[in-house]
Amino acid sequence: MEQPQKKRKIPERQCLGCNEHRPKRELMRVVRRPDGSLELDFVGKVSGRGAYICCDIKCFRKARKSRRIEHSLGVSIPDELYDAMEREIEAANECE
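Printed below as a string of structure tokens:
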């Protein structure tokens with residue numbers, strides 16, 4: 096007799112902008128690398144401490160304004176880096 100297949104659990108994360116729980120694959124990750132640098136991770140494979148945000152630019156701006164990314168990652172983020180991340184998100188959303 097065949098065993099029924101178990102339903103795989105889909106990992107969920109919370110967006111720092113809108114506070115909604117979504118499947119991990121639908122979110123973009125801001126990563127603090129082990130060397131202290133920050134980068135955007137669109138595939139979720141980069142090693143380091145991560146904070147998740149919807150791919151919506153409004154969520155990013157809301158998280159930026161409230162400094163939730165900084166609090167979650169435990170680092171201060173200069174405005175120039177925020178601006179660069181915002182441009183990167185806008186460029187990625189244009190391609191979709």
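Quick note: the sequence shown uses our numbering, first residue 96, plus one each step. Cβ atoms here follow ideal geometry from the backbone N, Cα and C, with glycine treated the same way.
Quiz item: Assuming Arg128 contacts Gly143 under a Cβ cut-off of 8 Å, what Cβ separation, rounded to an integer in Å, is found between them?
Solution: To locate residue 128, count along the sequence shown from 1; it is residue 33. To locate residue 143, count along the sequence shown from 1; it is residue 48. Rounded, the Cβ-Cβ distance is 4 Å, consistent with contact.
Exercise. Alpha carbon to alpha carbon, how far is Lys140 from Ser167? Give it in angstroms, no decimals.
Key: Reading the sequence shown from its first residue, position 72 is the one you call residue 167. Reading the sequence shown from its first residue, position 45 is the one you call residue 140. If you take the alpha carbons of Ser167 and Lys140, they lie about 18 Å apart.
Self-check item: Residues bridged to Leu133 [DSSP beta-bridge criterion]
Solution: Residue mapping note: residue 133 aligns to position 38 of the sequence shown, counting from 1. DSSP lists Arg127 as partners of Leu133.
Practice problem: Would you list the one or two residues that DSSP bridges to Gly145? | Solution: Here residue 145 corresponds to residue number 50 of the sequence shown, with the count starting at 1. Beta-bridge pairing links Gly145 to Val126.
Quiz item: Counting along the chain, where does the beta strand (DSSP E) carrying Glu107 start and finish?
Solution: Counting from one through the sequence shown, the residue named residue 107 turns up at place 12. Counting along the chain, the beta strand (DSSP E) containing Glu107 begins and ends at Glu107 to Gln109.
Self-check item: Length of the line joining the Cα atoms of Ile105 and Pro173
Solution: The residue given as residue 105 occupies position 10 in the sequence shown. The residue given as residue 173 occupies position 78 in the sequence shown. Taking the straight line from one Cα to the other gives about 34 Å.
Quiz item: What did DSSP end up calling Arg117 once you bin it into helix, strand or coil?
Solution: Counting from one through the sequence shown, the residue named residue 117 turns up at place 22. Strand.
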